[in-house]
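Reading through the structure tokens given below for one structure.
Protein chains: 2
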Amino acid sequence: MYKATVIVKRRKDILDPQGKAAEQGAKLLGFNNVSDTKIGKYIEFFVHSNDLTVVEKEIKEYAGKLLSNPIIEDFEFKYEKVDET
Amino acid sequence: MYKATVIVKRRKDILDPQGKAAEQGAKLLGFNNVSDTKIGKYIEFFVHSNDLTVVEKEIKEYAGKLLSNPIIEDFEFKYEKVDET
């Protein structure tokens, strides 16, 4: 079994309204030094297979088709072997 | 100036409906090896100060009050010095 971590980030130049909203809140709370907030996703899951080809294929397809929007986002991933519990 | 990265994760035992939804989609697409999907946030921003006490305080307060919900989420953070551009 493998544990996968996928990080999804908006492409540069794509507006990040959620980041903008958080930053407006920051200004209201008096944090004036904060800028360029980008809010992406940090996703963890298990892949129940020990065949590395299968594992990598499932991570890439899951990340590219369901966890990210390929039009506006990029993703990166890593995985590590973990013991079945 | 510092670049901060904050990772927000749901606490263990707190239901993750967004993760569950992604996983149902995975099953429809035929990825049957995926389980325990947890969807958190990966946030990047700049802090325009060179006073480390200020930088760390702003990151912690921004993360704890605006970027995460302390009732159901935990956050971790790191930061690195970057050149002013």
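Protein chains in written order, with this note's numbering: chain A, 1 to 85; chain B, 101 to 185.
Cβ atoms here follow ideal geometry from the backbone N, Cα and C, with glycine treated the same way.
### Query
Given a threshold of 16 other Cβ atoms within 10 Å of its Cβ, counted over all protein chains shown, does Lys109/B qualify as buried or as exposed?
buried
### Query
Excluding five sequence neighbours on each side, which residues of the same chain lie with their C-beta closer than 6 Å to the C-beta of Thr137/B?
Gly119, Ala122 and Glu123
### Query
Based on the DSSP secondary-structure assignment, which residues constitute the bridge partners of Asp74/A?
Lys9/A
### Message
For Ile59/A, report the span of its alpha helix (DSSP H) as first-last.
### Response
Its alpha helix (DSSP H) spans residues Leu52 to Tyr62.
### Query
Given a threshold of 16 other Cβ atoms within 10 Å of its Cβ, counted over all protein chains shown, does Val182/B qualify as buried or as exposed?
exposed
### Message
Cβ closer than 7 Å: which chain A residues qualify as neighbours of Glu158/B?
### Response
Under the 7 Å cutoff, chain A gives Phe31, Asn33 and Val34.
#### Entry: N-terminal and C-terminal residue of the alpha helix (DSSP H) that Glu44/A is part of
Taken as a continuous stretch (DSSP letters only), Glu44/A belongs to no alpha helix (DSSP H), being part of the beta strand (DSSP E) at Val34 to Val47.
### Query
Who does Ala26/A pair with in a DSSP beta bridge?
DSSP output for Ala26/A lists no bridge partner at all.
### Query
In chain order, what residues of the same chain have a beta carbon less than 6 Å from the beta carbon of Ile114/B, not counting five sequence neighbours either side?
Ile172
### Task
Note down, in chain order, each residue of its chain lying with its Cβ closer than 7 Å to the Cβ of Leu152/B, except the 5 sequence neighbours on either side.
none
### Query
Could one say the Cβ of Ile14/A lies closer than 8 Å to chain B's Cβ atoms, at least one of them?
By the rule that beta-carbons nearer than 8 Å mark a contact, Ile14/A does not touch chain B.
### Task
Note down, in chain order, each residue of its chain lying with its Cβ closer than 7 Å to the Cβ of Arg111/B, except the 5 sequence neighbours on either side.
Ile172, Glu173 and Asp174
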